[in-house]
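Data first, discussion second: the structure below is written as C-alpha cells.
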Amino acid sequence: MLHPAHRRRRLLNRLKTAVGVVLAIAVCGLAVVFALGKAGFIDLPKADDGTDASLPGFVPMPETPFEGTPTADWKEFGDLAWPEAKSTGHFTRKQVEGALKDVKDILWAGRVDWAAGKIDPEGFQGLFAPDARKNVGGYLEDDQRLHLVSELDAGASLASPPRVTGTVSFSESTDEHGRAVLRITTNLVWAYGFTGDLVYYGDHLIVLNLTQNWEITDPDDIARTSQGVWLGNGGRAAWQGLSCDGVKRGVLALEPPMTGDGTADPNAERIWEAGSDTSVFTNHCK
17 MLHPAHRRRR
27 LLNRLKTAVG
37 VVLAIAVCGL
47 AVVFALGKAG
57 FIDLPKADDG
67 TDASLPGFVP
77 MPETPFEGTP
87 TADWKEFGDL
97 AWPEAKSTGH
107 FTRKQVEGAL
117 KDVKDILWAG
127 RVDWAAGKID
137 PEGFQGLFAP
147 DARKNVGGYL
157 EDDQRLHLVS
167 ELDAGASLAS
177 PPRVTGTVSF
187 SESTDEHGRA
197 VLRITTNLVW
207 AYGFTGDLVY
217 YGDHLIVLNL
227 TQNWEITDPD
237 DIARTSQGVW
247 LGNGGRAAWQ
257 GLSCDGVKRG
267 VLALEPPMTG
277 DGTADPNAER
287 IWEAGSDTSV
297 FTNHCK
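Mind the numbering: the sequence shown is residues 17 to 302 in the numbering used here, read in order.
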C-alpha cells in the first residue's frame with residue numbers, strides 16, 4: 017500500500033502530465049488556426065489597429081523595409097527641402113540658384129537614377145566642370161564609387177524609390193589663391209529598401225550617412241573649362257546593412273543575416289542622424 021504522501025505525489029504527477037498535454041494541444045491548435053487564418057481559409061480576429069490579434073504578443077512581419085525604423089517618416093528625394101537661394105557677396109542669387117540646381121541634378125542622377133538602373137557614367141561626369149570629369153570618372157571605376165553613386169549589386173532590386181533625410185546649406189569662402197568659392201554642403205542620410213522576404217524591422221535595408229562638399233569657384237577668376245561643380249574636401253561616410261563585400265566592390269549589397277548575440281555598437285542609433293560624426297562608428301570591414 018502506498019503511503020498517503022506517495023498517493024498525493026502520484027496524483028499530482030498525473031495532473032501535471034494531463035495539464036501539459038492539454039497545453040500542448042492548445043498551443044498546436046492556436047498555431048493551426050493562425051496558419052489557416054494567414055492562408056485566408058478563416059477570418060482571424062483583428063485588433064483596434066487592424067493587425068492580427070489571434071496570438072497574444074504576436075508581432076506581425078513588416079510589410080516594407082522602412083517599417084519600424086526612422087526611415088518610415090523620411091521623404092523621397094524630390095520632396096527634400098532645399099535652401100532658398102540668395103546672394104553671398106561674390107555670387108549673385110541667380111548664380112547660387114544655378115549651383116544648387118547643379119548639385120541637386122548630381123544627387124538625383126547618382127543616388128536615385130543610378131540605383132534605379134539608369135547607369136550613365138558619361139552623362140554623370142558631364143554634370144561636373146570639364147576639368148573635374150576625369151577625377152569623377154576615376155571614382156566611378158573603383159571601390160570609391162559609393163561616395164558618388166548608389167549602384168545596386170547584380171540581381172538586386174529596390175522595393176520602392178530610396179528615401180532621404182537631412183539638410184543642404186551653402187556658404188562663401190576663399191581658396192588658397194584668394195578666389196571666391198561657393199561651397200554647398202549636403203548632410204544626407206539615404207535609405208534603400210530591397211525586395212525580399214522580411215523577417216524583422218530594418219531587414220533588407222541599407223542606410224548611407226553621407227556628408228559631402230561641392231565647390232564652385234567664381235567663374236570670373238578661372239578658365240571656362242574649370243567652371244562648374246567640383247568635389248570638395250571634408251566628405252564623410254558611414255553605412256548600415258551594407259556587406260563588407262559590397263564595400264570592397266563599391267556596390268549596395270545586403271549584409272548576410274546576423275547570428276549570435278554579438279556586441280551592440282553604442283553609437284549605432286546615430287546612423288539615422290544627418291551630419292553625425294561618422295568617426296564614432298565602428299568599421300567592421302577593415
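Note that CB positions come from ideal geometry on N, CA and C, so glycine has one too.
So what does DSSP say about residue i, is it helix, strand or coil?
| i | result |
| --- | --- |
| V38 | With a pLDDT of 36 at V38, under the threshold of 50, the predicted position of this residue should be treated as unreliable, though the coordinate-derived value follows. Correct three-state label for V38: helix. |
| S259 | coil |
| E10 | Not covered by the structure: residue 10. The range shown for the chain is 17 to 302. |
| W130 | coil |
| G100 | Reading off the sequence shown, one finds Glu at residue 100, where the question assumed Gly. Of the three classes helix, strand and coil, the one that applies to E100 here is coil, per DSSP. |
| A269 | coil |
| L164 | coil |
| A254 | strand |
| L60 | Caution is warranted here: a pLDDT of 45 is assigned to L60, below 50, making its placement in the model unreliable, and the coordinate value is therefore given only provisionally. Of the three classes helix, strand and coil, the one that applies to L60 here is coil, per DSSP. |
| A51 | Legend: pLDDT at A51 = 41, less than 50; position of this residue unreliable, value from coordinates given subsequently. A51: helix per DSSP, three-state reduction. |
How many angstroms separate the CA atom of residue i from the CA atom of residue j?
| i | j | result |
| --- | --- | --- |
| A131 | G248 | 23 Å |
| F144 | W288 | 29 Å |
| T201 | Y216 | 34 Å |
| S259 | G105 | 45 Å |
| R286 | E83 | 18 Å |
| P81 | W124 | 21 Å |
| Q160 | S103 | 34 Å |
| L168 | D236 | 40 Å |
| S185 | A175 | 30 Å |
| D95 | D129 | 15 Å |
| Y208 | A88 | 12 Å |
| I122 | L162 | 13 Å |
| G212 | L221 | 10 Å |
| D147 | T190 | 20 Å |
| F93 | L224 | 14 Å |
| L156 | R240 | 24 Å |
| K264 | A254 | 14 Å |
| V267 | H300 | 17 Å |
| G154 | Q228 | 17 Å |
| I135 | N151 | 18 Å |
| G139 | P273 | 36 Å |
| E113 | F107 | 10 Å |
| G218 | R149 | 36 Å |
| W177 | G133 | Inspection of the sequence shows that residue 177 is occupied by Pro rather than by Trp. About 12 Å. |
| E192 | L226 | 26 Å |
Write down the C-beta distance between residue i and residue j rounded to the nearest angstrom, noting that I regard them as a contact closer than 8 Å.
| i | j | result |
| --- | --- | --- |
| V245 | V165 | At roughly 15 Å, the Cβ-Cβ gap does not stay under 8 Å, so V245 and V165 are not in contact. |
| W98 | R179 | Actually they are not in contact, since the Cβ atoms of W98 and R179 sit about 16 Å apart, beyond 8 Å. |
| A115 | I232 | 5 Å |
| S187 | R195 | Going by Cβ atoms, the distance from S187 to R195 rounds to 15 Å, so no, they are not a contact pair. |
| V205 | G182 | 6 Å |
Name the two residues that bound the continuous beta strand (DSSP E) containing residue i.
| i | result |
| --- | --- |
| A196 | A196 to G209 |
Let's see if you can read the secondary structure: which residues bound the alpha helix (DSSP H) around residue i?
| i | result |
| --- | --- |
| I232 | That residue, I232, is in no alpha helix (DSSP H); its beta strand (DSSP E) goes L221 to T233. |
| E113 | R109 to L123 |
| R149 | R149 to L156 |
| F186 | Taken as a continuous stretch (DSSP letters only), F186 belongs to no alpha helix (DSSP H), being part of the beta strand (DSSP E) at R179 to T190. |
| G139 | P137 to Q141 |
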